[in-house]
Structures are given as structure tokens and as C-alpha cells.
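*Asks:* Before I ask anything, let me first share the structure, which is written out below as C-alpha cells.
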Amino acid sequence: MTTTEMPVAYGELTNTCTCTVHDEETDTFTDSSVCFGTCYEDELYFFGECLNDFLSQSDTFRVSGIRLWNREVGGVFQARTVSEFVRAITVDSEWILRYRVFSDRVEFSLSHHDAPTGSASLVVPVFESDDE
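With the numbering used here, letter number 103 in the sequence shown gets 297, and the count goes up by one each step, no holes.
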């Protein structure tokens with residue numbers, strides 16, 4: 195039996211000022227012809243609003259499936275703010291993060307120069323009772 199769980203929120207975040215528009219019918223993002231130079235800050239704010247409940251569960255998280263040139267990486271990180279969270283799950287270059295926030299996890303695809311087609315990545319909270 196399979197169930198289809200709907201995300202609490204979804205969207206796209208990029209650390210460049212390439213503004214995008216979401217087409218709900220096709221669930222795709224396309225470049226917008228209008229950019230006011232505050233795209234990252236606005237997108238980061240919206241992502242933070244989407245993450246509020248998720249981030250309140252723990253300050254420690256486990257990420258998996260971040261694709262680099264010749265491997266996938268993951269690990270455990272601490273984040274108390276959305277900026278710390280984004281810094282932990284992205285790379286030090288230009289990137290596009292497409293995300294779906296659920297109550298118990300964040301699924302995302304990170305596209306960058308080493309992984310232009312993105313990744314199938316996952317973040318879950320780590321609780322004190324979790325075994326390492």
C-alpha cells in the first residue's frame with residue numbers, strides 16, 4: 195500500500211540572482227525576465243518560513259545524497275538558523291536548490307557545476323535518542 199504525502203512547502207532557492215517563476219500546472223521553474231537584485235534574500239526568507247516547524251524539532255540534522263563530481267556525500271550538522279541550514283547542505287559555488295519540505299524531512303535536489311542535473315538528497319532531524 196502506498197500513500198502520497200503532500201509536502202508542507204516546496205520551492206527553489208538559488209545563490210545567484212536568476213529569478214525564476216514556478217508554473218504550478220507543470221511543476222517546473224522557468225527564468226523570469228524581471229529581477230530586482232534581492233532574489234536570494236527573498237528566497238532565503240521564504241525558505242526559512244517553510245522550515246520554521248522543521249527546524250524547531252532539533253538543532254542537529256543528518257544530510258545524505260549530496261552529489262559531488264565523483265561521489266555522494268553526507269553527514270551530521272548543526273543549524274539553528276536557515277542560513278546555517280543552507281550553508282550545510284550546499285556547496286561553495288553557484289547552485290540551485292529545489293526543495294520539498296515535509297513535517298519530518300526535507301527532500302532536495304542541488305544542482306551545481308559538479309552535478310548539473312542535481313541530486314536526490316535528504317535531510318532529517320537527529321534526536322538524542324537516535325543511535326549514531
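Where a beta carbon is used, it is the ideal one built from N, C-alpha and C, also for glycine.
Measure the C-alpha to C-alpha separation of T222 and D286 and round it to an integer number of angstroms.
*Replies:* Approximately 25 Å, taken between the alpha carbons.
*Asks:* Tell whether a beta-carbon distance below 9 Å holds between V276 and L238.
*Replies:* Yes. Within cutoff.
*Asks:* Any idea what DSSP makes of V215, helix, strand or coil?
*Replies:* V215 falls in the strand class under three-state DSSP.
*Asks:* Hey, quick one: how far does the alpha helix (DSSP H) through A282 stretch, first residue to last?
*Replies:* 276 to 283 is the extent of the alpha helix (DSSP H) around A282.
*Asks:* Mark E206 as exposed unless 16 or more other C-beta atoms lie within 10 angstroms of its C-beta, in which case mark it buried.
*Replies:* E206 should be labelled buried.
*Asks:* Quick check on the DSSP output: what are the complete alpha helix (DSSP H) runs of length 4 or more inside the stretch 238 to 310, in order along the chain?
*Replies:* Taking only runs of at least 4 residues, the alpha helix (DSSP H) segments lying wholly in the stretch 238 to 310 are 276 to 283.
*Asks:* With E206 as the anchor, note down where its beta strand (DSSP E) starts and where it stops.
*Replies:* Where E206 is concerned, the enclosing beta strand (DSSP E) stretches over 203 to 208.
*Asks:* Between W289 and D298, what straight-line distance do the alpha-carbon atoms span, to the nearest angstrom?
*Replies:* If you take the alpha carbons of W289 and D298, they lie about 24 Å apart.
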